[in-house]
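Enquirer: Here's a structure for you.
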Amino acid sequence: MTTNTPLLKADHVGIQFGGLKALSDVNIELYPGELIGLIGPNGAGKTTFFNLLTGVYEPTEGSIVLGNEKLNGLPPYKITRKGISRTFQNIRLFGELSVLDNVKVAYHSLARHSILSSIIRLPSHFSGEKEIEEKAIEFLKIFKLEGFMYEKAKNLPYGQQRRLEIARALAAHPKLLLLDEPAAGMNPQETKELMNLIAFIREKFNLTILLIEHDMSLVMGVCERIYVLDHGQLIAHGTPEEIRNHPKVIEAYLGEEVS
Amino acid sequence: MELIQQLVNGISLGSIYALIALGYTMVYGIVRLINFAHGDVFMVGAFVGFYAITGLHLGFFPALLLAMVVCALLGVFIERIAYKPLRNATRIAVLITAIGVSLLIEYGMIYARGAQPVAYPGTILPDKKIELFGVTISSQSILILCTSIVLMILLQLIVHKTKIGKAMRAVSYDAEAARLMGINVDNTISATFAIGSALAGAAGVIFGIYYIKIEPLMGIIPGLKAFVAAVLGGIGIIPGAMVGGLVLGVIESLVSGLGYSLWRDGVAFIVLILILIFRPSGLFGKNVKEKV
Amino acid sequence: MTIFKRINGFWLSMVLAIVFFIVVQLLISRGILNSFYINTLFYMAINIILAVSLHLIIGITGQFSIGHAGFLAVGAYASAVMTMKLQMPFSLALLAGGVTAAVAGLLIGIPTLRLKGDYLAIATLGFGEIVRIILLNVDYVGGASGMTVTHLTTWPWVFACMLIAIIVIANFTNSTHGRACISIREDEIAADSMGINTTYYKVTAFVIGSFFAGIAGGLYAHNFYIIQPTNFGFLKSFDILIFVVLGGLGSMSGAVIAAILLTVVSTFLQEYPETRMIIYSIVLILVMLYRPKGLLGTQELTSFFRLRKAVEGGKQNDNKHTVA
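Protein chains in written order, with my numbering: chain A, 297 to 555; chain B, 294 to 585; chain C, 40 to 363.
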């Protein structure tokens, strides 16, 4: 499976806010099909790193390359179209929209009918909308969310909201999926289901996944390789086994671990 | 010399803007609300001052004090009735409420006393012209400037040296944490409204003395411009509001001085849009990005 | 089943609209309606155009613009210049009013729509004031004393423009483009991360909204005999804002109903402008305190008649009809 060309390469990436260095000299390589963990104590810069990858912030140093395209300076929506999509630590669904419409939004960039054709209701509008709707429903079925199709997203139970957010991110057809603490706020049962879901989608969509997680045991269980961030710098990188025994990791987490 | 004359006029006008802008900035800093009614509190202050001088035959300082007290009470009243129940509502809801309160005060005033303007009596303050290097400065404007400066210094003392000032700074930094630290957030917010409104009331009296004519809709334009001044200086930052007010006053006077007095009102808004586009955090502000 | 219900719903409302149009037209031509009622009807339709155009910007896209009267003014003056100074026909004048306002919307939208919430509100307010001050100072359009305009607005014009505005904005909303706008309203950062070009859609919604405000301006100008900069101050923007807020942010039918109701109310209170403003402001404050989502919330009137509460759903049905 793993080839020698990385899907994503972050090369000496860093960012400064004012005088504050939030991240510096981060080197990460992700190969197609991998499930990689990114861990670190609170405030280590994990989410900031996601924000750099997705274009919410622009790195002040280093480069981010997807396939062979440089992503630096692209706005988030272009990066999404190039194949990186994400979920958020604090769920960001479109609350007033229905579950179906949430997924439809992700299909927007595939729509070929123009604004004008929608306004005067040309045939291309109907076929375009139909295509989006069919795809979105199909997708909801995969995630077993079709029963909630017409519910407002904000009315879903918490666990289903997380599920929907992952479904929505996947509907944008990413090559690389970034999950920001997907298990936050879930009970052990829900977490287990979530892990099965992640394994399933990875198989089904042939995805590369980068996962931020607080829960060490969870990451250790599913990830093939793990990167560890602390104070804005990578302090370790390796297999779960290597990470577990890495002195720097133990030091960073000492008295920090939340279980 | 013309230039310096305009500069002097600009500073007088600017100090009025600054006084109003302070209220905007303090309130925004603490509850993130653009208090549209603030300009109308300024108007009420002007009328209280007028009636105190003509009806109660008070002198300048007692009238100023009375206007400040009445406006402080009005500010707290508005906050308690209209804004407090909306503490957790959407920003749009709060903004619309503020617009509603503003209109209510304006048209309530017109309903109560009619829309006709009245003139401040010109005899409250001695009005001597002082010639300095060819520039005429009236003793009035010096007194006005001094009053404004004293009020601003007082405000700085309150914010930095008193317990309530400390509470205000704490709440504006993080209301939730302040609450956990035992600060009475509601009272602190009310105090902020009281102080800001008192300053607007003072500005109202000063405006009346300086520009003579007052009327129920007089608060709209100075209110908006004071807001521009607050944005210019960096909203939420107290020294920023003072500098922003003065800068705006001077710019306006210079534009009038150059013979474009009809465009004077437009300039403030052009300044506003430019500053919002190029430096939305204002002259003294820090750029804060939304947390993702 | 539901397929034909939906389609029929659209055509049914079209037929009703046309019947209403013909009835009113007959009443006018037979002289049964006096000028007071005619004027109120015209005013109502113009207000509906303004309400739905601002609804697209605030209710759908979530961009808090409070300078809508600025676009109304641009449209009014542009169309008045066309008919009065350049002797162009009314149809072209209306179009010119819309296009000029749309261009103004584009010019002001591109820089300011990067701003969020309060800042955007203030910037648009500033824009509205700037327009007013410019009109006040340009002698070509009469300065403070304004322009005299011939009465050209007729019932067919008003009604057609209103219907077009409603259909265009409804069709836009019920498409992937409208969904993109709603997603921006709901969560701009998430919309961005879903591949939505947020700037593009904010500006587009703004331009479409400004266009129809400009059309409304053309109708407005040619319905009165004179237009002056003071007609287009902040209070006018505020009037339009109330339609949208009172009707329910995000509900087009709510905005339309609010526009109708408030036109009637303000017609009756015409003699007492202060009372009108006091009532308006108290209503506004009370609505915000006790029912901040407005009359209909984000719901549409039609959804109350349907069992399935689909905000956007059901589009599939329209498709099948055309495909079949």
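We treat Cβ as the ideally placed atom computed from N, Cα and C, and that holds for glycine.
What are the residues in the stretch 179-193 of chain C lying within 9 Å of chain F by C-beta distance?
Expert: Looking for chain F here will not work: the only protein chains present are A, B and C.
Enquirer: In angstroms, rounded to a whole number, what distance separates the CA positions of S300(C) and T212(C)?
Expert: Numbered from its first residue, the third sequence carries residue 300(C) at position 261. Numbered from its first residue, the third sequence carries residue 212(C) at position 173. Before going further, note that residue 300(C) is Leu rather than Ser in the sequence given. The alpha-carbon atoms of L300(C) and T212(C) are separated by roughly 24 Å.
Enquirer: Report all residues from its chain with a CB closer than 7 Å to the CB of T269(C); omit the five preceding and five following residues, and keep chain order.
Expert: Position 230 of the third sequence, counted from the first residue, corresponds to residue 269(C). If we look at T269(C) and ignore the five residues flanking it on each side, it has no Cβ neighbours.
Enquirer: With 8 Å as the threshold, decide whether the Cβ of A382(B) is near any Cβ in chain C.
Expert: Locating residue 382(B) in the second sequence gives position 89, where the first residue counts as 1. Closer than 8 Å to some Cβ of chain C, the Cβ of A382(B) qualifies, so yes.
Enquirer: Does the separation of the CB atoms of L362(A) and I380(A) fall below 8 Å?
Expert: Locating residue 362(A) in the first sequence gives position 66, where the first residue counts as 1. Locating residue 380(A) in the first sequence gives position 84, where the first residue counts as 1. Going by C-beta atoms, L362(A) is nearer than 8 Å to I380(A).
Enquirer: Step through the CB atoms of chain C and report whether any lies within less than 8 Å of the CB of L359(B).
Expert: One-based indexing of the second sequence puts residue 359(B) at position 66. Taking Cβ atoms only, chain C never reaches closer than 8 Å to L359(B), which makes this a no.
Enquirer: Against chain A, does T41(C) count as a neighbour if the rule is that its beta carbon must be under 8 Å from one of theirs?
Expert: Taking the third sequence and counting its residues from 1, the one referred to as residue 41(C) is at position 2. Because T41(C) sits at a pLDDT of 48, beneath the cut-off of 50, its placement in the model cannot be relied upon, and the following sentence gives the value as read from the coordinates. False, the Cβ-Cβ gap to chain A never drops below 8 Å.
Enquirer: Measuring CA to CA, which of G336(A), G341(A), E357(A) and N338(A) is closest to D307(A)?
Expert: What you label residue 307(A) is simply residue 11 of the first sequence in a count that begins at 1. It is E357(A).
Enquirer: By the criterion of Cβ-Cβ separation under 9 Å, what are the contact partners of V284(C) in chain B?
Expert: Here residue 284(C) is taken as the residue at index 245 of the third sequence, counted from 1. Near V284(C) (Cβ distances below 9 Å), the residues of chain B are I385, A386 and I389.
Enquirer: Could you check whether the Cβ of N270(C) sits closer than 8 Å to any Cβ belonging to chain B?
Expert: Taking the third sequence and counting its residues from 1, one reaches residue 270(C) at position 231. No, because no Cβ of chain B sits closer than 8 Å to the Cβ of N270(C).
Enquirer: Is the beta carbon of G316(B) closer than 8 Å to that of L492(B)?
Expert: For the purposes of this step, residue 492(B) is taken as residue 199 along the second sequence, with counting starting at 1. For the purposes of this step, residue 316(B) is taken as residue 23 along the second sequence, with counting starting at 1. Yes.
Enquirer: What's the C-alpha gap between G185(C) and A90(C)?
Expert: Mapped onto the third sequence, residue 185(C) falls at position 146. Mapped onto the third sequence, residue 90(C) falls at position 51. Approximately 25 Å, taken between the alpha carbons.
Enquirer: Interface residues of chain C around A375(B) at Cβ under 9 Å?
Expert: By one-based count along the second sequence, residue 375(B) stands at place 82. In chain order: I324, M327 and L328.
Enquirer: Quick one: is A260(C) near chain A, going by C-beta distance under 8 Å?
Expert: If you number the third sequence from 1, residue 260(C) lands on position 221. Closer than 8 Å: no.
Enquirer: Chain A partners of F198(C), CB-CB under 8 Å?
Expert: To locate residue 198(C), count along the third sequence from 1; it is residue 159. Near F198(C) there are no residues of chain A at all, since even the closest Cβ is about 19 Å away, more than 8 Å.
Enquirer: With distance defined between alpha-carbon atoms, name the residue in G391(A), Q312(A) and H527(A) nearest to E447(A).
Expert: Walking along the first sequence from the start, residue 447(A) turns up at place 151. The candidate whose alpha carbon is nearest that of E447(A) is G391(A).
Enquirer: Is it true that the CB of G494(B) sits closer than 8 Å to the CB of M361(B)?
Expert: Taking the first residue of the second sequence as 1, we reach residue 361(B) at position 68. Taking the first residue of the second sequence as 1, we reach residue 494(B) at position 201. Yes, these two residues count as a Cβ contact at 8 Å.
Enquirer: For the putative contact between L367(A) and K378(A), defined by C-beta atoms under 8 Å, what is the C-beta separation to the nearest angstrom?
Expert: Within the first sequence, numbered from 1, the residue matching residue 367(A) stands at position 71. Within the first sequence, numbered from 1, the residue matching residue 378(A) stands at position 82. Confirmed, Cβ separation roughly 7 Å.
Enquirer: Kindly indicate which residue of K155(C), V170(C), G98(C) and A56(C) has the alpha-carbon position closest to the one of A115(C).
Expert: Here the question's residue 115(C) lines up with position 76 in the third sequence. Comparing Cα positions, the closest option is V170(C).
Enquirer: Is the stretch 268-288 of chain C close to the stretch 363-371 of chain B, with three or more CB pairs under 8 Å?
Expert: At 8 Å Cβ cutoff, the stretches do not touch.
Enquirer: With a cut-off of 8 Å, does the C-beta of S555(A) fall near any C-beta of chain C?
Expert: Mapped onto the first sequence, residue 555(A) falls at position 259. Bear in mind that a pLDDT of 43 at S555(A), under 50, signals an unreliable position, so the number given afterwards is only what the model happens to contain. So no, S555(A) is outside the interface.
Enquirer: Could you give the first and the last residue of the continuous beta strand (DSSP E) run that contains T79(C)?
Expert: Here the question's residue 79(C) lines up with position 40 in the third sequence. Taken as a continuous stretch (DSSP letters only), T79(C) belongs to no beta strand (DSSP E), being part of the alpha helix (DSSP H) at S74 to L93.
Enquirer: G98(C) CB to nearest chain B CB: under 8 Å?
Expert: Translated into positions along the third sequence, residue 98(C) becomes position 59. So no, G98(C) is outside the interface.
Enquirer: Using only CA atoms, which one of S432(B), F500(B), A382(B) and G559(B) lies nearest to E545(B)?
Expert: If you number the second sequence from 1, residue 545(B) lands on position 252. Answer by Cα proximity: G559(B).
Enquirer: Classify T318(B) as helix, strand or coil using the three-state DSSP reduction.
Expert: Residue mapping note: residue 318(B) aligns to position 25 of the second sequence, counting from 1. Three-state result, T318(B): helix.
Enquirer: Please report the straight-line C-alpha distance between G341(A) and L525(A), rounded to a whole angstrom.
Expert: Within the first sequence, numbered from 1, the residue matching residue 341(A) stands at position 45. Within the first sequence, numbered from 1, the residue matching residue 525(A) stands at position 229. Their Cα atoms are separated by approximately 7 Å.
Enquirer: Near L448(B), which residues of its chain fall below 8 Å by C-beta distance, leaving aside the five closest residues on each side in sequence?
Expert: Position 155 of the second sequence, counted from the start, is the residue given in the question as residue 448(B). L315, I488, L492 and I531, listed in sequence order.
Enquirer: Pairs of beta-carbons, one from the stretch 347-356 of chain A and one from the stretch 415-429 of chain A, closer than 8 Å: are there three or more?
Expert: Output reads no: the stretch 415-429 of chain A does not touch the stretch 347-356 of chain A.
Enquirer: Taking the C-alpha atoms as reference points, what is the distance between V411(B) and Y504(B)?
Expert: By one-based count along the second sequence, residue 411(B) stands at place 118. By one-based count along the second sequence, residue 504(B) stands at place 211. Approximately 11 Å between the Cα atoms of the pair.
Enquirer: Determine the extent of the alpha helix (DSSP H) in which V368(A) is found, giving its start and end residues.
Expert: Along the first sequence, one-based indexing puts residue 368(A) at 72. Note that residue 368(A) corresponds to Asn in the displayed sequence, not to Val. Counting along the chain, N368(A) falls outside any alpha helix (DSSP H), and DSSP gives it neither H nor E.
Enquirer: Could you tell me whether any Cβ in chain A is nearer than 8 Å to the Cβ of L51(C)?
Expert: Residue 51(C) sits at position 12 when you count from the first residue of the third sequence. Judged by the 8 Å Cβ criterion, L51(C) is not in contact with chain A.
Enquirer: Count the other C-beta atoms from every protein chain shown that fall within 10 angstroms of the C-beta of Y454(A), then say buried if there are 16 or more, exposed otherwise.
Expert: Within the first sequence, residue 454(A) is the residue found at index 158, counting from 1. Result: exposed.
Enquirer: If we ignore side chains and look at the alpha-carbon of each, how far apart do L370(A) and V242(C) end up?
Expert: For this step, residue 370(A) is matched to residue 74 along the first sequence. For this step, residue 242(C) is matched to residue 203 along the third sequence. So the alpha carbons of these two residues sit roughly 19 Å apart.
Enquirer: Against V352(A), what residues of chain C qualify as contacts under a CB-to-CB distance less than 9 Å, listed in chain order?
Expert: Working through the first sequence from its first residue, we reach residue 352(A) at position 56. Correct list: I228, D231 and S232.
Enquirer: State the beta-bridge partners of N330(C) as determined by DSSP.
Expert: Position 291 of the third sequence, counted from the start, is the residue given in the question as residue 330(C). For clarity, residue 330(C) is Arg in the given sequence; the question names Asn instead. In DSSP, R330(C) forms no bridge with anything.
Enquirer: Can you check DSSP and say which residues form a bridge with Y523(A)?
Expert: The count along the first sequence starts at 1 and reaches residue 523(A) at position 227. Partner(s): L334(A) and H533(A).
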